[in-house]
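Numbering (my numbering), first residue to last: 2 to 170.
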């Protein structure tokens, strides 16, 4: 069983959006320290630093909560996982605090799977104007699970390959 916590378009800038809790703001380098994947930064307690293909504009974004690990949906071009534990109230937050949506997550330890599609096309576009059609979409899935190292499940785009190459232990 799953529940949608958010579904809509969200504003990104500098190709970034975040999951924050406990009033904590995230740092790019600290969020990805010691990780294998470069799309879902989970190294800072209580936060997730999410990379998008689009530099500026709105992207499609869905957040789901599952009771257990959902099957991997191979139709997505990029899929990465990491562990996450909230430090208080949780929200999906735009760059610079330009938008925020509460996420109904409690203090459990979670596994998080981040999916992306059309990152290269969005990166090529760079900035999406209001009248432009939606390019890239993202799905963030949470389920209760003990901590485990982050991992790259699927990588297809040059943009994701670039971001994965920028991190390391």
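Think of the CB as a built atom: it goes at the ideal place given N, C-alpha and C, for glycine as much as any other residue.
Check                                                                                                                           : Outcome
Paired residues, beta bridge with residue 32 - DSSP                                                                             : Per DSSP, none; premise fails for residue 32.
Close-in-space but distant-in-sequence residues of the same chain around residue 125 (CB under 8 angstroms, 5 per side omitted) : none
Cβ neighbour criterion (16 or more within 10 Å) applied to residue 23                                                           : exposed
Whole-Å CB distance - residue 10 paired with residue 59, under 8 angstroms assumed                                              : 4 angstroms
Residue from 72, 2 and 91 with nearest C-alpha to residue 82                                                                    : 72
Separation of residue 37 from residue 152, as counted between CA atoms                                                          : 6 angstroms
Residue 14 - partner residues in DSSP beta bridges                                                                              : 17
Spatial neighbours of residue 91 in its chain, beta-carbon cut-off 6 angstroms, leaving aside the 5 residues before and after   : 22, 104 and 106
One or two residues paired with residue 7 in a DSSP bridge                                                                      : 64
Cβ pair residue 16, residue 55 closer than 9 angstroms                                                                          : yes
DSSP state of residue 123 mapped onto helix, strand, coil                                                                       : helix
DSSP three-state assignment for residue 42, whether helix, strand or coil                                                       : strand
Residue-level contact to chain D via CB, residue 8, 9 angstroms cutoff                                                          : The structure shown has no chain D; it contains just one protein chain.
Nearest-angstrom beta carbon gap, residue 155 and residue 63 [assumed within contact, 8 angstroms]                              : Actually they are not in contact, since the Cβ atoms of residue 63 and residue 155 sit about 18 angstroms apart, beyond 8 angstroms.
Nearest to residue 76 (by Cα), restricted to the options 164, 163, 157 and 161                                                  : 157
CB of residue 139 within 9 angstroms of CB of residue 49, strictly                                                              : no
Residue of 135, 141, 118 and 119 minimising C-alpha distance to residue 18                                                      : 141
Those residues which DSSP pairs with residue 138 across a bridge                                                                : 61 and 118
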